[in-house]
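> This is the structure I want to talk about, given as structure tokens.
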Amino acid sequence: NHLGNNDGENLSAPLQFRSKEVSKSNVVDDMVQSNPVLYTPGEEPDHCVVIKYVPYVGDSKRALDEYTSELMLGGTNTLVLHNTCEDSLLAAPIMLDLALLTELCQRVSFCTDMDPEPQTFHPVLSLLSFLFKAPLVPPGSPVVNALFRQRSCIENILRCTPASRACVGLPPQNHMLLEHKMERPGPSLKRVGPVAATYPVLNKKGPVPAATNGCTGDANGHLQEEPPMPTT
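Reading the sequence shown from the start, the letters are residues 12 to 243 in the working numbering.
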């Protein structure tokens with residue numbers, strides 16, 4: 012990405028960029044883990060995220076993406092995309108959706124067979140993950156980065172929750188994970204932590220240390236070994 016606004020300037024600092032790199036790379040990790048036919052456990056594609064501050068382009072972000080897939084007989088196929096977009100104008104509707112969806116969730120209550128007392132959603136509203144790059148979930152809940160699953164969660168909760176006039180009371184389809192969004196978890200709920208690779212990651216070049224972006228060299232033009240981020 013080439014970006015010239017305030018966001019791009021902030022991301023030109025190595026520590027600031029690292030947080031963005033992790034959030035973008037986690038989406039790839041989630042996709043890989045949900046496709047065991049294409050990738051064996053511990054295997055992932057080579058992946059690198061680069062964001063550069065270019066003041067001249069201003070808010071008109073240039074996004075360049077390149078995807079390479081393997082063909083039979085050792086061949087490869089590469090798809091290259093170039094997108095120019097107004098960064099802030101694209102973010103403004105997301106902010107409106109955040110406010111609207113948050114307000115709606117405050118008016119929804121539900122109960123379960125094990126806990127007939129009506130309750131609301133957990134204060135950490137993971138339902139909003141679809142609108143963020145780095146999802147925040149209640150402790151012990153699974154972290155879902157895949158965009159399709161995040162959107163499907165919103166659609167299915169709106170389908171099956173009749174407590175609000177905006178919800179239609181239809182049966183859910185999938186990807187709700189409602190048991191991880193309750194204010195009071197059910198007594199039989201088994202807490203599951205986020206999936207994280209703790210084993211060496213394999214790629215075509217052989218074993219490499221596990222990393223969020225599948226790369227072992229420099230990241231975004233900076234060394235990956237950076238000083239720890241200060242805490243406040």
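Each residue gets a CB set at the ideal place from its N, CA and C atoms; glycine is no exception.
Note that this is a predicted model, so its numbers are computed, not measured.
When we look at the beta-carbon of Glu97 and count the other beta-carbons within 10 Å, is it buried (16 or more) or exposed?
Taking the sequence shown and counting its residues from 1, the one referred to as residue 97 is at position 86. With fewer than 16 other Cβ atoms within 10 Å, it is exposed.
> Nearest CA to the CA of Cys116: which residue from Thr131, Arg162, Leu158?
To locate residue 116, count along the sequence shown from 1; it is residue 105. It is Thr131 whose Cα lies nearest to the Cα of Cys116.
> Buried or exposed: where does Ile105 fall if 16 or more other Cβ atoms within 10 Å of its Cβ makes it buried?
As a first step, residue 105 is located in the sequence shown; it is residue number 94 there, counting from the start. By the 10 Å Cβ count, Ile105 comes out exposed.
> Using 8 Å for Cβ pairs, my map puts Asp76 next to Leu92. What's the rounded Cβ distance?
Mapped onto the sequence shown, residue 76 falls at position 65. Mapped onto the sequence shown, residue 92 falls at position 81. Indeed, because the Cβ distance is near 5 Å, the residues count as touching under 8 Å.
> At the level of alpha carbons, what is the spacing between Pro205 and Pro153?
Translated into the one-based positions of the sequence shown, residue 205 becomes position 194. Translated into the one-based positions of the sequence shown, residue 153 becomes position 142. In this predicted model, Pro205 has a pLDDT of only 45, less than 50, meaning its place in the structure is not dependable; the value taken from the coordinates is given anyway. Between Pro205 and Pro153, the C-alpha separation is close to 5 Å.
> Ignore the nearest five residues each way along the sequence and tell me which others in Asn94's own chain have a CB closer than 6 Å to its CB.
Counting from 1 along the sequence shown, the entry for residue 94 is found at position 83. Counting only Cβ-Cβ distances below 6 Å, and skipping sequence neighbours, we find Ala74.
> With DSSP run on the structure shown, which of helix, strand or coil describes Thr87?
In the sequence shown, residue 87 corresponds to position 76, counting from 1. In the structure shown, Thr87 sits in a strand (DSSP, three-state: E or B).
> Under three-state DSSP, which class holds Ala118?
Counting from 1 along the sequence shown, the entry for residue 118 is found at position 107. At residue 118 the sequence reads Arg, which differs from the Ala that was named. DSSP places Arg118 in coil when its eight states are reduced to three.
> Residues in its own chain within less than 6 Å of Val38 by CB, not counting five upstream and five downstream?
Numbered from its first residue, the sequence shown carries residue 38 at position 27. Cβ within range, chain order: Asn156.
> Closest by CA to Glu166, which one among His58, Phe141, Met125, Leu84?
Looking up residue 166 in the sequence shown gives position 155. Of His58, Phe141, Met125, Leu84, the residue nearest in Cα terms is Phe141.
> Might you give, ordered along the chain, the residues of its own chain that have their beta carbon closer than 6 Å to the beta carbon of His13, omitting 5 neighbours on each side?
One-based indexing of the sequence shown puts residue 13 at position 2. Cβ within range, chain order: Lys63, Val65, Val68, Arg73.
> For my contact list, Leu22 and Lys31 are in at a C-beta cut-off of 8 Å; report their separation, rounded to the angstrom.
For the purposes of this step, residue 22 is identified with residue 11 of the sequence shown, where counting begins at 1. For the purposes of this step, residue 31 is identified with residue 20 of the sequence shown, where counting begins at 1. Yes, they are in contact, since the Cβ atoms of Leu22 and Lys31 sit about 6 Å apart, within 8 Å.
> Does the Cβ of Thr95 lie closer than 7 Å to at least one heavy atom of the ligand ZN?
In the structure on display, the ligand ZN does not appear, and there are no ligands present to speak of.
> Using CA atoms only, rank isn't needed, just tell me which of Leu169, Asp41, Val61, Gly15 is closest to Arg118.
As a first step, residue 118 must be located in the sequence shown, where it is residue number 107. Here the closest residue by C-alpha is Leu169.
> Measure the CB-CB distance between Pro1 and Ser137 and report whether it falls below 8 Å.
Residue 1 is absent from the structure shown; the chain starts at 12 and stops at 243.
> Considering Glu81, what are the terminal residues of the beta strand (DSSP E) in which it resides?
For the purposes of this step, residue 81 is taken as the residue at position 70 of the sequence shown. Glu81 -> beta strand (DSSP E) spans 71–81.
> Does DSSP put Phe132 in a helix, in a strand, or in coil?
Locating residue 132 in the sequence shown gives position 121, where the first residue counts as 1. In this structure, Phe132 counts as strand in the three-state DSSP scheme.
> Check the DSSP bridge columns for Tyr64 and list the partner residues they point to.
Here the question's residue 64 lines up with position 53 in the sequence shown. Partner(s): Leu14.
> For a test of the three-state rule: what should DSSP assign to Leu138, helix, strand or coil?
For this step, residue 138 is matched to residue 127 along the sequence shown. Leu138: helix per DSSP, three-state reduction.
> Who does His93 pair with in a DSSP beta bridge?
Walking along the sequence shown from the start, residue 93 turns up at place 82. Answer is Leu75, bridged to His93.
> Would you mind giving the Cβ-Cβ distance between His191 and Pro149, rounded to the nearest angstrom? I have them listed as a contact below 8 Å.
Numbered from 1 along the sequence shown, position 180 holds the residue referred to as residue 191. Numbered from 1 along the sequence shown, position 138 holds the residue referred to as residue 149. About 6 Å; that satisfies the 8 Å criterion.
> Skipping 5 residues on each side, what residues in its chain have a beta carbon closer than 8 Å to that of Ser99?
By one-based count along the sequence shown, residue 99 stands at place 88. Here the set comprises Asn16, Asp70.
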